[in-house]
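Numbering (this note's numbering), first residue to last: 4 to 279. A quick write-up on the structure given underneath.
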C-alpha cells in the first residue's frame, strides 16, 4: 500500500475517535504529530463531541484541535451541550454537526468537501436513531447527500454516530459501494470488526475514544459504579489524571474510484504502546 501511495493514486485518511475532555485534547496534541510522521495521512478527521469537559465543544477547544493538525471535526448527540457552539458554528467551516439534524432549522453544516492535492474528499456526519435522541432518518438524508456529492467526488467518508452495532452495520451494507468509508463513533470502545465490504466500503463499528484510560467510557469510574450499586442519580464527570488512551483508524482509498483499499484500527495506551 505504501508504494500505491507513493504513486499518488491513493488517499490516506486518519480518523481519531471521540475526544474526552482535557486528557483527550492532550493526547491529540502529543500523538497526532507522531501519527502523521508514521502514516503520512493526507487528511485528518477528529470526532470532538465530548472535547470540552465531556459535553460538546467551545471555540477555544475547537481552535486547539485544529492547531494540532486536524482538517475536519465531527460531532454527535452532544453537539449542543455547550451553548457556546451556537455562537461560532456557522463561521467554523471545519466543524460538522450531524447532517440529519433538521437542516435549515439548526445552525451549522452536516457535510463538507475538502481539496486534497488534485482530488476532493467529502465528509459527512450523521447520527443514528436507535437508543438515541430524535433526528431525521439518516438513511434518507445520506441518500440525498451522496447523490449530490458524487457529482463532485467518489471519495466520501461518513462518521456515523450511533449506539447500536446493528444500525451501523445496516447503514454500511446499505451504502456499500456508494461511500468510501463508514466509521462508527459514540460508544467509546473500539470494536474488532474492521473490514472492507464487497463493493469497496471500509467499515468499523466504532473507532473508540481518546481520553482517560482508567475511567469508564472516559468518566470517573467511582460515579459510574455508584449508579449501578445504588440506582440513584449521579453526576458523571470526565476522569482527570492517570493513564491515557488514543483510538483511531487509518484508511487508504483509491482517489479516482473512492474504493477502500485498507483499514487499520489502532490504539495507543499503556497496554498498546505506540511504536514510532
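Note that CB positions come from ideal geometry on N, CA and C, so glycine has one too. From a predicted model like this one, the values you see are computed outputs, not experimental measurements.
Contact set for residue i: own chain, Cβ-Cβ below 8 Å, skip 5 residues either direction
i           : result
residue 235 : 229
residue 10  : Because residue 10 sits at a pLDDT of 49, beneath the cut-off of 50, its placement in the model cannot be relied upon, and the following sentence gives the value as read from the coordinates. Cβ neighbours of residue 10 beyond the five flanking positions: none.
residue 58  : 81, 84 and 85
residue 140 : 103 and 132
residue 146 : none
Beta-carbon contacts of residue i that lie in its chain and below 6 Å, excluding the five residues immediately before and after
i           : result
residue 218 : 224 and 242
residue 272 : 216 and 248
residue 115 : 126
residue 26  : 214, 215 and 247
residue 220 : 191
Proximity to residue i [Cα-Cα], best of the options
i           : options               : result
residue 183 : 61, 107, 198 and 169  : 198
residue 23  : 189, 264 and 277      : 189
residue 81  : 52, 175 and 258       : 52
residue 32  : 264, 248, 257 and 266 : 248
residue 169 : 194, 19, 50 and 258   : 194
residue 97  : 122, 121, 67 and 109  : 67
residue 120 : 112, 132 and 15       : 15
residue 161 : 175, 154, 35 and 258  : 175
residue 111 : 37, 90 and 167        : 90
residue 103 : 94, 123, 148 and 122  : 148
residue 254 : 44, 25 and 38         : 44
residue 246 : 79, 159, 264 and 222  : 222
residue 47  : 70, 55 and 29         : 70
residue 133 : 140, 166, 145 and 124 : 166
residue 275 : 206, 262, 201 and 250 : 250
residue 264 : 279, 92, 206 and 211  : 206
residue 266 : 244, 231 and 185      : 185
residue 50  : 35, 34 and 18         : 18
Straight-line gap, residue i to residue j (C-alpha atoms, nearest Å)
i           : j           : result
residue 12  : residue 181 : 19 Å
residue 130 : residue 277 : 31 Å
residue 213 : residue 252 : 12 Å
residue 74  : residue 260 : 22 Å
residue 256 : residue 153 : 15 Å
residue 62  : residue 88  : 7 Å
residue 4   : residue 268 : Per-residue confidence for residue 4 stands at a pLDDT of 36, beneath the threshold of 50, marking its modelled position as unreliable; the derived number appears in the next sentence. Their backbone Cα atoms lie some 16 Å apart in a straight line.
residue 238 : residue 203 : 43 Å
residue 41  : residue 177 : 33 Å
residue 172 : residue 226 : 32 Å
residue 107 : residue 240 : 33 Å
residue 123 : residue 159 : 9 Å
residue 37  : residue 233 : 43 Å
residue 77  : residue 118 : 17 Å
Residues that DSSP places opposite residue i in a beta bridge
i           : result
residue 275 : 272
residue 124 : 117
residue 60  : Answer is none; residue 60 lacks a bridge partner.
residue 248 : 214
Limits of the alpha helix (DSSP H) - the one that residue i falls within
i           : result
residue 168 : 168-177
residue 26  : 24-42
residue 229 : 224-233
residue 89  : 88-91
Other residues of its chain near residue i: CB distance less than 7 Å, five sequence neighbours each side excluded
i           : result
residue 211 : 20, 191, 192, 193, 250 and 270
Start-to-end residues for the beta strand (DSSP E) that takes in residue i
i           : result
residue 205 : 205-207
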